[in-house]
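The working numbering runs 803 ahead of the 1-based position in the sequence shown. In this text, a Cβ means the ideal position worked out from N, Cα and C, and glycines have one as well. Because the structure is a prediction, the values reported are computed rather than measured.
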Amino acid sequence: MIGMAGRYADDVLAGDWRRRKVTPEVDAEPDLVVEDVDSGFCGAVVGFEAGAVVLEDRHGKRRNFPLLPAAFLLDGRPVTLRRPARAPVPAARRRTASGSVAVDGVRARVAKASRIWVEGVHDAALVERIWGDDLRIEGVVVEPLDGIDALDAQIRDFGPGPGRRLGVLVDHLVPGSKESRIVARVTSPHVLVTGHPYVDVWQAVRPKALGIAAWPVVPPGRPWKEGVCAALGVAEPADMWRLILSRVDSFADVETPLINAMERLIDFVTEPA
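Structure representation (structure tokens):
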């Protein structure tokens, strides 16, 4: 009996046996340095393969170790490594048709006093197609004119000022043209006139977007739009315009001079007074 008593001299039920020592779980984040208990291999976490963690020691040697309970030492204490939950992949930034970063959840601002004028409804529709999101956020309204023959009088009626700027987009703004002479009469520092060299805003759309090699050459004296329609086999200019607008998805579908002109106007009318 004495021998049996000695064998069980320590009471196995002494103390609070319900409290079991729990080995902490640690995410095996990249570059976390741990030691494998069995082999003594010490290294940094560099990845995972087939359910095992890959450690790399200071000499560049790599070994794989199963993710077993209490299989590693972290700062000398046993830990159970676990593979971190996959971090959510950030959504790609959405872009507007103009190429700007889209701002989600932002309502259009109340319209500012400043304006952008364009020569006609086709110009306005094309500008809306590409820059509409940007202009709504800025609170800038685009208004179509019926040509620019009376531009100087229209500007006087508008009454531009420091907090009431005006940007004007002009078609066929090239040296020596009628348009260039009209624009030369604009002298207000609160008005910026820019333009593109194309006869009509149609021509500012890249031919590639329409599946043609180039815009047709229209003989002098013939209305340009009608000449284009005849060359391309389209019955009416209205039909041709609907086709053109349907092929424009972003700034990549229009020529650089139009892009530069519009960006300058937007910057000008949104600049703080």
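* Asked: Do residue 993 and residue 966 come within 7 Å of each other at the CB atom, strictly closer than that value?
  -> By one-based count along the sequence shown, residue 966 stands at place 163. By one-based count along the sequence shown, residue 993 stands at place 190. Not closer than 7 Å, so no.
* **For residue 970, the residue or residues it bridges with in DSSP** => By one-based count along the sequence shown, residue 970 stands at place 167. According to DSSP, residue 970 bridges with 919, 995.
* By how many angstroms is the C-alpha of residue 888 removed from the C-alpha of residue 1019? -> Within the sequence shown, residue 1019 is the residue found at index 216, counting from 1. Within the sequence shown, residue 888 is the residue found at index 85, counting from 1. Distance between the alpha carbons of residue 1019 and residue 888 is about 59 Å.
* Indicate the three-state DSSP secondary structure (helix, strand or coil) for residue 868 in the structure shown. => For the purposes of this step, residue 868 is taken as residue 65 along the sequence shown, with counting starting at 1. Residue 868 falls in the strand class under three-state DSSP.
* Asked: Alpha carbon to alpha carbon, how far is residue 1009 from residue 1056?
  -> Your numbering for residue 1009 matches position 206 in the sequence shown. Your numbering for residue 1056 matches position 253 in the sequence shown. Residue 1009 and residue 1056: Cα-Cα distance of roughly 6 Å.
* **Alpha-carbon to alpha-carbon, residue 954 and residue 986** => Here the question's residue 986 lines up with position 183 in the sequence shown. Here the question's residue 954 lines up with position 151 in the sequence shown. Each residue's alpha carbon lies about 8 Å from the other.
* To do: Would you check if the stretch 1029 to 1045 and the stretch 975 to 982 touch, i.e. whether three or more CB-CB distances between them fall below 8 Å?
  => no
* Looking at residue 884 and residue 856, is the spacing between their C-beta atoms short of 7 Å? -> Here residue 856 refers to the residue found at position 53 when the sequence shown is read from its first residue. Here residue 884 refers to the residue found at position 81 when the sequence shown is read from its first residue. Yes, the Cβ-Cβ distance between residue 856 and residue 884 is below 7 Å.
* **DSSP beta-bridge partners of residue 1037** => As a working note, residue 1037 is residue 234 in the sequence shown. Answer is none; residue 1037 lacks a bridge partner.
* DSSP three-state assignment for residue 939, whether helix, strand or coil -> Numbered from its first residue, the sequence shown carries residue 939 at position 136. Residue state, collapsed to three classes: helix.
* To do: Using the DSSP secondary-structure output, state which residues sit across from residue 847 in a beta bridge.
  => Looking up residue 847 in the sequence shown gives position 44. Per DSSP, 836, 859.
* From which residue to which residue does the beta strand (DSSP E) around residue 955 run? -> Reading the sequence shown from its first residue, position 152 is the one you call residue 955. Not the beta strand (DSSP E): residue 955 falls in the alpha helix (DSSP H), residues 954 to 961.
* So the alpha helix (DSSP H) residue 982 belongs to, where does it begin and stop? -> Looking up residue 982 in the sequence shown gives position 179. Its alpha helix (DSSP H) spans residues 981 to 986.
* DSSP bridge partner residues for residue 883 (one or two, in chain order) -> Taking the sequence shown and counting its residues from 1, one reaches residue 883 at position 80. DSSP lists 828 as partners of residue 883.
* Selection from 960, 997, 1058 that minimises the alpha carbon distance to residue 973 -> Walking along the sequence shown from the start, residue 973 turns up at place 170. The option with the nearest alpha carbon to residue 973 is 997.
* Residues bridged to residue 852 (per DSSP) -> As a working mapping, residue 852 is identified with position 49 in the sequence shown. DSSP output for residue 852 lists 855 as bridge partner(s).
* Just the C-alpha distance for residue 1074 and residue 836, rounded to the nearest angstrom, thanks. => If you number the sequence shown from 1, residue 1074 lands on position 271. If you number the sequence shown from 1, residue 836 lands on position 33. Their Cα atoms are separated by approximately 53 Å.
* CB of residue 937 to nearest heavy atom of the ligand MG: below 6 Å? -> No copy of the ligand MG occurs in the structure displayed, which carries no ligand at all.
* **Backbone CA spacing between residue 832 and residue 1053 [nearest angstrom]** => The residue you call residue 832 lines up with position 29 of the sequence shown. The residue you call residue 1053 lines up with position 250 of the sequence shown. C-alpha separation (whole angstroms): 42 Å.
* Cα separation between residue 853 and residue 881? -> The residue you call residue 853 lines up with position 50 of the sequence shown. The residue you call residue 881 lines up with position 78 of the sequence shown. So the alpha carbons of these two residues sit roughly 23 Å apart.
* Asked: Would residue 1007 be called buried (16 or more neighbouring beta carbons within 10 Å of its own) or exposed?
  -> What you label residue 1007 is simply residue 204 of the sequence shown in a count that begins at 1. By the 10 Å Cβ count, residue 1007 comes out buried.
* Taking Cβ positions, are residue 918 and residue 941 nearer each other than 7 Å? -> Along the sequence shown, one-based indexing puts residue 918 at 115. Along the sequence shown, one-based indexing puts residue 941 at 138. Contact: no.
* Using DSSP bridges, identify the partner residues of residue 1004. => Mapped onto the sequence shown, residue 1004 falls at position 201. BP columns for residue 1004 are empty, so no partner.
* From 848, 1003, 1012, 959, residue whose alpha carbon lies closest to that of residue 877 -> Along the sequence shown, read from residue 1 onward, the residue named residue 877 stands at position 74. Closest option to residue 877, judged by alpha-carbon separation, among 848, 1003, 1012, 959: 848.
* Would you list the one or two residues that DSSP bridges to residue 875? => The residue you call residue 875 lines up with position 72 of the sequence shown. DSSP output for residue 875 lists 839, 882 as bridge partner(s).
* **Where residue 812 sits in the DSSP three-state scheme** => As a position in the sequence shown, residue 812 is number 9, starting the count at 1. Low confidence applies to residue 812: its pLDDT is 46, below 50, so where it sits in the model is not reliable, and the reading given next is rough at best. Reduced to three states, the DSSP call for residue 812 is coil.
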